[in-house]
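Chemist:
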Amino acid sequence: MKGDAEPEYVPANERCAFHQVIFAHGYFSSALHEIAHWCIAGSARRLLPDYGYWYAPDGRDAQQQRAFEQVEVLPQAIEWAFCMACRYPFSISIDNLHGDAGEADEFTAAVADQLAQLLTQGFPQRAQIFIDKLQQQ
């Protein structure tokens with residue numbers, strides 16, 4: 002579902018009978034990124050808003066940025082694979098334009114290393130199913 006603000010995951014609740022992956026401002030890459038998070042969230046995390054992940058918005062300090070990057074390596078690697086599957090350009094996201102950007106080159110390398118590992122050892126099951134569907138289009 003297209004949202005206007007920050008992307009988020011909202012589990013079913015009293016206002017909506019189904020789980021929602023909400024991506025930001027209609028951005029295709031935002032949708033792929035949120036689907037990547039869904040693909041790695043276990044059944045318990047899929048019952049929690051934003052899969053139970055800690056999140057601080059744009060403007061994070063260096064320590065917060067490092068914490069953000071630690072949880073973003075795997076989903077961004079899966080997002081990169083989704084982009085490859087549908088021939089869409091991938092861009093790394095540090096998601097912190099008004100804060101400490103951290104070590105963007107190191108983060109990019111970590112995501113690339115994770116992608117290489119996934120390509121060799123295999124993707125989580127839901128991610129692989131989604132990749133297969135994207136490649137069929």
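Under our numbering, the residue at position 93 of the sequence shown is numbered 94, and the numbers go up by one with no gaps. The C-beta atom is built at its ideal place from N, Cα and C for all residues, glycine as well.
1) Should F83 and L116 be called a contact, given that it needs their Cβ atoms to be closer than 8 Å?
2) Rounded to a whole number of angstroms, what is the C-alpha to C-alpha distance between R16 and T121?
3) Tell me where the alpha helix (DSSP H) around A105 begins and ends.
4) Taking the alpha helix (DSSP H) that A25 falls in, what are its first and last residues?
5) Rank Q138, L75, F108, E107 by C-alpha distance to the C-alpha of Q118 and give the top, closest one.
6) Give me the Cα-Cα distance between A86 and D62, rounded to the nearest whole angstrom.
7) Please go through the same chain and pick out, in chain order, the residues whose beta-carbon is closer than 6 Å to the beta-carbon of E80, but skip the five residues on each side of it.
8) Please check the pair R8 and A25, which I expect to be a contact at CB under 8 Å, by giving their CB distance rounded to whole angstroms.
9) So, helix, strand or coil for F28, using DSSP?
10) Output the boundary residues of the beta strand (DSSP E) element that contains E9.
11) Could you name the residues of the same chain whose beta carbon sits closer than 6 Å to that of Q77, not counting the 5 residues immediately before and after it, in chain order?
12) Along the alpha helix (DSSP H) that carries D133, what are the first and last residues, could you check?
13) So the candidates are I23, Q66, F19; which of them puts its Cα closest to the Cα of L10?
Modeler: Concretely, from the data shown:
1) Counting from one through the sequence shown, the residue named residue 83 turns up at place 82. Counting from one through the sequence shown, the residue named residue 116 turns up at place 115. Contact: no.
2) Position 15 of the sequence shown holds residue 16. Position 120 of the sequence shown holds residue 121. Inter-residue distance for R16 and T121 is about 42 Å (C-alpha atoms, whole angstroms).
3) As a first step, residue 105 is located in the sequence shown; it is residue number 104 there, counting from the start. A105 -> alpha helix (DSSP H) spans 105 to 122.
4) Position 24 of the sequence shown, counting from 1, holds the residue named residue 25. For A25, there is no enclosing alpha helix (DSSP H); the enclosing beta strand (DSSP E) covers residues 21 to 25.
5) Translated into positions along the sequence shown, residue 118 becomes position 117. Nearest C-alpha to Q118: L75.
6) If you number the sequence shown from 1, residue 86 lands on position 85. If you number the sequence shown from 1, residue 62 lands on position 61. Roughly 34 Å between the two C-alpha positions.
7) Here residue 80 refers to the residue found at position 79 when the sequence shown is read from its first residue. Closer than 6 Å at the Cβ level, and outside the excluded window around E80, lie L33, H34, A37.
8) Here residue 8 is taken as the residue at index 7 of the sequence shown, counted from 1. Here residue 25 is taken as the residue at index 24 of the sequence shown, counted from 1. Looking at the sequence provided, one finds Pro at residue 8 rather than Arg. P8 to A25, Cβ: 4 Å. Contact.
9) Within the sequence shown, the letter at position 27 stands for residue 28. This sequence places Tyr at residue 28; Phe is not what is there. Reduced to three states, the DSSP call for Y28 is coil.
10) Walking along the sequence shown from the start, residue 9 turns up at place 8. Residues 9 to 11.
11) As a first step, residue 77 is located in the sequence shown; it is residue number 76 there, counting from the start. Around Q77: V112.
12) Within the sequence shown, the letter at position 132 stands for residue 133. Here the alpha helix (DSSP H) through D133 covers 126 to 137.
13) Within the sequence shown, residue 10 is the residue found at index 9, counting from 1. A quick correction: the sequence has Tyr, not Leu, at residue 10. Ranking the options by Cα distance to Y10, first place goes to I23.
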